[in-house]
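Top line first, the protein sequences correspond to chains A and B.
Start counting the first sequence at 3; every next residue gets the next number (the numbering used here).
Start counting the second sequence at 3; every next residue gets the next number (the numbering used here).
We put the CB at the ideal spot given by N, CA and C, even for glycine.
Just so you know, these numbers come straight off a predicted model, no measurement behind them.
There are 2 protein chains.
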Amino acid sequence: MRCRILLVGFGNVGREFARLLLERRSELAKIHGLDAAVVGIITGRHGSVERARGIDLRKALRLADAGASLESCGRGVHGRSAECIRRARADVMIEITPLRIAPRQIGVDHIVAALSGGKHVITANKGPVVYHYRRLKEMARTQGLGFRYEGTVMDGAPVFNLFQETLRGIRILSFEGILNSTTNLILSMIEAGRTYEDGVKSARHMGLLETDPAMDLEGWDATVKACLLANVLMGGRLRPEQVPREGIASLTSKRIEAARSARKRMKLIARGWREGRSVKASVSLEAVALDHPLASVDGTSSSLVVRTDMLRELQIIERQPALRQTAYALYSDLLAIRDGRLSP
Amino acid sequence: MRCRILLVGFGNVGREFARLLLERRSELAKIHGLDAAVVGIITGRHGSVERARGIDLRKALRLADAGASLESCGRGVHGRSAECIRRARADVMIEITPLRIAPRQIGVDHIVAALSGGKHVITANKGPVVYHYRRLKEMARTQGLGFRYEGTVMDGAPVFNLFQETLRGIRILSFEGILNSTTNLILSMIEAGRTYEDGVKSARHMGLLETDPAMDLEGWDATVKACLLANVLMGGRLRPEQVPREGIASLTSKRIEAARSARKRMKLIARGWREGRSVKASVSLEAVALDHPLASVDGTSSSLVVRTDMLRELQIIERQPALRQTAYALYSDLLAIRDGRLSP
């Protein structure tokens with residue numbers, strides 16, 4: 003089966019996905035019967051390009067890594083990105099533009115354009131899903147198109163797939179998790195004796211800080227993920243702006259000292275729970291005891307603890323993920339759509 | 003959709019499944035469109051019974067709990083259990099007879115009889131799956147029937163479903179886990195200062211010891227589970243008798259003391275890994291450091307850490323499961339088959 007992919011966004015995740023496709027192309031064809039080709043790349047900073055026979059991904063990677071325009075990879079594409087997406091001849095659009103905190107999202111325009119142009123949608127962009135989940139899901143369903151978003155929380159570790167595809171008939175009562183790698187790494191560094199500023203600098207140096215550092219440091223990323231889990235898995239209707247949120251920017255050395263001497267660890271904890279018929283969420287910086295299920299989740303690892311009506315407590319931990327893990331989320335969503343599993 | 007269930011085995015798990023069905027019957031009908039009725043119960047010790055209109059499960063539970071025969075619940079069934087299963091008018095057979103360590107398994111006869119009689123199969127019995135996985139899977143596939151076994155490892159926590167249904171295109175490189183609750187609980191008790199004999203007595207009192215205590219204490223249960231994971235998820239061809247196995251019966255107080263003074267914890271660790279083209283497994287009693295991913299898995303909790311080509315390290319932990327968790331595995335397998343997901 004030929005699968006023409008349109009990549010919208012070609013930053014770290016998009017490029018890692020391109021590398022993964024290059025490595026696995028023959029496996030995809032042989033084992034999964036999928037002849038996957040990237041036929042278009044739409045970006046904000048490297049220009050946009052399409053080529054029906056498939057773009058040379060090695061060349062595209064070289065150009066993007068050098069900060070050059072992609073347009074020599076095929077035919078240059080101009081005009082509004084949403085319009086380009088709607089018109090493009092492709093089977094699947096992969097949306098991986100950066101997160102914005104606002105109901106108005108260019109990512110939503112991209113997804114709506116893809117669905118109305120008859121394309122399946124895969125995204126690792128949390129914005130469109132957290133603000134417009136019901137609408138986008140319904141739009142994909144009525145058109146018989148795929149809409150999958152596993153990469154939005156905990157990279158490639160199955161979160162939505164786990165609860166929506168395998169834990170049938172289960173009701174989630176509450177969850178708590180460490181969902182932002184960058185702040186967890188900085189907290190681990192501070193515990194190891196380094197300063198906050200030093201930790202932030204290291205995270206930036208390692209390419210782990212979002213373009214807008216407030217997304218990580220002020221808890222926005224964790225809050226968006228908490229809302230995503232609450233909205234998708236628990237039927238909530240939360241907006242990140244309305245949720246009690248704390249980041250690590252307010253952390254004082256006194257508070258760290260107090261935690262240490264009480265044999266506790268500072269963690270940025272995302273929570274979701276039910277209150278009567280409504281669903282609530284929060285993100286807060288807390289001192290947790292050493293025997294807490296999240297206490298040993300260190301560095302860039304992340305973890306989710308879920309309490310349900312049928313399973314008392316189920317925890318998943320993803321240790322030390324790298325970019326490959328997010329690219330894998332897109333890859334597994336692609337295979338799921340190939341299998342006819344249009345939504346998780 | 004009417005779903006006629008034949009229960010083969012009515013011990014702790016079978017009765018808990020009956021309780022779960024009673025509780026969820028209206029939800030099953032309303033939300034999942036499944037009109038589930040138990041139309042037959044075949045047991046070794048409480049007689050066997052069938053009733054086309056559905057057995058009164060409250061009455062069956064009362065009788066079995068009192069150690070009485072089930073035959074007043076319907077029409078008594080006599081003859082070889084496999085023959086009764088083949089002939090029974092049912093849509094799904096649930097096989098939950100006790101584990102035996104031998105290629106010759108009454109459980110296999112039951113599953114073969116069910117499949118050749120046109121019934122879907124759900125089992126929480128490890129024996130048939132560990133010895134005859136390929137044959138049973140192939141038999142179910144060619145007949146277009148369901149064959150699911152989520153309850154064989156880590157109760158209702160998704161293990162097979164997780165890797166086979168959601169982690170598409172992934173290759174497992176190795177795993178390690180704490181897979182036997184009873185020995186893990188006894189080890190936790192010993193660490194808390196109690197003797198081995200005392201721990202065994204408590205486990206028996208709590209109903210956690212298998213009918214044959216060697217299954218738990220000599221590591222057989224953990225070994226069978228390690229082989230199951232290796233065979234099903236990694237394509238191995240292991241038999242439990244051929245795998246290096248250690249139990250906790252050999253544990254000396256000296257060894258516990260040595261672990262404690264080295265700030266380590268004694269754990270019964272099940273492992274699987276690749277060696278060239280073959281798959282290996284083992285179960286051994288080890289002193290693990292406090293920062294080991296399995297060190298904090300206490301009491302009846304169980305956990306699996308998996309390393310794959312695409313996700314570096316993924317861990318799942320099931321905390322303090324009870325019988326309900328195993329019954330849920332059967333329930334989720336039933337819903338999966340209803341959805342047309344015949345195998346994980």
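Of the residues the options, the one placed nearest residue i, counting alpha carbons only
i	options	result
T99/A	I33/A, E73/A, R106/A, H112/A	H112/A
M236/B	R173/B, L9/B, D67/B	R173/B
K227/B	G201/B, P295/B, K128/B	K128/B
V131/B	A115/B, F149/B, G119/B	F149/B
R265/B	R257/B, A272/B, I271/B	R257/B
A251/A	A216/A, R239/A, A260/A	A216/A
A126/B	R55/B, G120/B, R64/B, F162/B	F162/B
V308/A	S50/A, N14/A, S176/A, R64/A	S176/A
G133/B	G11/B, T154/B, I188/B, V51/B	The identity of residue 133/B in the sequence shown is Tyr, whereas the question assumes Gly. If we check each option's Cα against that of Y133/B, T154/B comes out closest.
A68/A	D311/A, F12/A, D335/A	F12/A
L30/A	A338/A, E220/A, M191/A, S345/A	A338/A
H207/A	R6/A, T184/A, G109/A	T184/A
G109/A	D93/A, S345/A, Y151/A, D335/A	Y151/A
R55/A	R88/A, L8/A, V285/A	L8/A
E248/B	C86/B, S284/B, L296/B	S284/B
S204/B	T213/B, D214/B, G195/B, M191/B	M191/B
E178/A	C229/A, G119/A, R60/A	C229/A
L6/A	I33/A, L219/A, V15/A, I96/A	Strictly speaking, residue 6/A in this sequence is Arg, with Leu absent from that position. The residue with the shortest Cα to Cα distance from R6/A is I96/A.
R77/B	R88/B, L189/B, I57/B	I57/B
Residue i: contacting residues in chain B (beta-carbon distance under 7 angstroms)
i	result
Y330/A	M312, L313
Interface partners of residue i on chain A, CB under 9 angstroms
i	result
S28/B	Simply none; closest approach about 13 angstroms.
H34/B	R170, G171
Neighbour list for residue i in chain A, Cβ cutoff strictly below 7 angstroms
i	result
G158/B	M312, L313
Y333/B	G171
Exposure label - residue i; buried when at least 16 CB within 10 Å
i	result
R377/B	Nothing can be reported for residue 377/B: it is not among the residues displayed for chain B, which extend from 3 to 346.
P160/A	buried
D341/A	exposed
H80/A	exposed
T225/A	buried
H122/A	buried
G171/A	buried
Q327/A	buried
D223/B	buried
E18/A	buried
N186/A	buried
T302/A	buried
S304/A	buried
N182/A	buried
Q317/A	buried
A232/B	buried
S50/B	buried
Contacts of residue i in chain B (Cβ-Cβ under 9 angstroms)
i	result
R326/A	M312, L313, R314
A338/A	T168, R170
Within chain A, the residues that residue i reaches when beta carbons sit closer than 8 angstroms
i	result
R321/B	P295, R314, E315, L316, Q317
Residue i: CB within 8 angstroms of a non-hydrogen atom of the ligand SAH
i	result
L296/A	Here there are no bound small molecules, and the ligand SAH is not part of this structure.
Interface positions of the region 288–315 of chain B facing chain A (Cβ-Cβ less than 8 angstroms), listed along the chain:
D293, P295, S298, M312, L313, R314, E315
List, from N- to C-terminal side, the alpha helix (DSSP H) runs of 4 residues or more that fit wholly inside the region 10–39 of chain B.
14–34
Would you list, in sequence order, the uninterrupted alpha helix (DSSP H) runs of no fewer than 4 residues that lie entirely inside the region 227–277 of chain A?
255–263
Only counting runs of 4 or more residues, tell me where the alpha helix (DSSP H) segments fall wholly within the region 144–193 of chain B, in order along the chain.
183–193
Short-range partners of chain B found in the region 163–182 of chain A, where Cβ spacing is below 8 angstroms
N163, L164, E167, T168, L169, R170, G171, I172
Pick out the complete beta strand (DSSP E) segments inside the region 34–107 of chain B, 3 residues or longer, and give them in chain order.
37–44, 50–52, 94–97
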